[in-house]
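Report on one structure; see the data block that follows.
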Amino acid sequence: MTNDAQRILIVEDDKPLRTTLAATFKAEGYAVWEAGSVTSARDRLNETSADLVVLDLGLPDQDGMTLLAERRAIGDLTPIIVLTARNDEASKVQALDAGADDYVTKPFGVAELLARMRSALRHGVQIRGVEPVVRVDDLEIDLAQRTVQRGGARVKLSRKEFDLLAELAQHAGKPVPHERLLEAVWGSPDADIRYLRVYVGQVRERIGDDAQAPRLIIAEPGFGYRLG
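Numbering of the sequence shown is given in my numbering, commencing with residue 13 and proceeding in unit increments.
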């Protein structure tokens, strides 16, 4: 698993199943978080962002529908796949109407679940109104696959470095405020701005953008940064 792996949050109170899912997802190259309740999942999502959530409904503290409704109410477009034993039509309709991207019933096939996850991840990029691949000069950023190339050569970035570049890419050509970048990468608009300056320097170095005369990541004094 690389540092730029897509991040999956598994919200499931059945520990053996959760462990099995985690092992399967890690084997596929995903970074995995685990939560056994709505409360722990909420805490994790409030700390930082996931790329996809696999959500059980029958959780010990609250129904998983509560978490689903909360995330959509705050405008969180992270793809959410409901994975549950509830196989009645009413539950499925309720979850999909509440904003679930897909609904998979137990028992399930692992290959099918992985395929549905890949589809949801691709859709997650599209529903944010961003092209999956952003190109600025000879820099290419694939937001769905979390890869970067410069002049056709692969650029290796850490997870936070990619998150920073991806946030800029989603607003390519437009200045992005410091606070928005800090929240996207470190989970808080009040995070130390020095982190941002350090990481901008690191990303510039990795993509070959001259810090003395940058052409790709441009500082907007007193405001933020712009890609291109």
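Glycine included, every Cβ here is placed at the ideal spot set by N, Cα and C.
Predicted model only: the values in this text are computed from it and were never measured.
Spatial neighbours of Glu82 in its own chain (CB-CB distance under 8 Å, excluding positions within 5 residues in sequence) are listed in chain order as Arg54. One thing to note: Leu80 has its Cβ no nearer than 8 Å to the Cβ of Ile93. At least 8 Å separates the beta-carbon of Asp68 from that of Gln18. When the beta-carbon positions are compared, Lys186 and Arg238 come within less than 8 Å of each other.
For Arg147, the enclosing beta strand (DSSP E) starts and ends at Val145 to Val148. Within the DSSP bridge table, the entry for Glu232 names Gly236 as partners. Using a C-beta cut-off of 8 Å, the stretch 68 to 77 makes contact with the stretch 98 to 107, since at least three inter-stretch Cβ pairs fall below that distance. The Cβ neighbour count for Glu24, taken over all protein chains shown within 10 Å, is at least 16; the residue is labelled buried. In the three-state DSSP reduction, Pro189 falls in the strand class (E or B).
Here Leu21 is buried: its Cβ has 16 or more other Cβ atoms, across all protein chains shown, within 10 Å.
With respect to Val146, Asp175 sits apart: the two C-beta atoms are not nearer than 8 Å. DSSP, reduced to helix, strand and coil, places Tyr115 within a strand of the structure shown.
Contact annotation: Glu40 and Gly199 have beta-carbon atoms that are not nearer than 8 Å.
As summarised for the stretch 45 to 79, the continuous beta strand (DSSP E) elements at least 3 residues long and confined to that stretch are 64 to 67, given in chain order.
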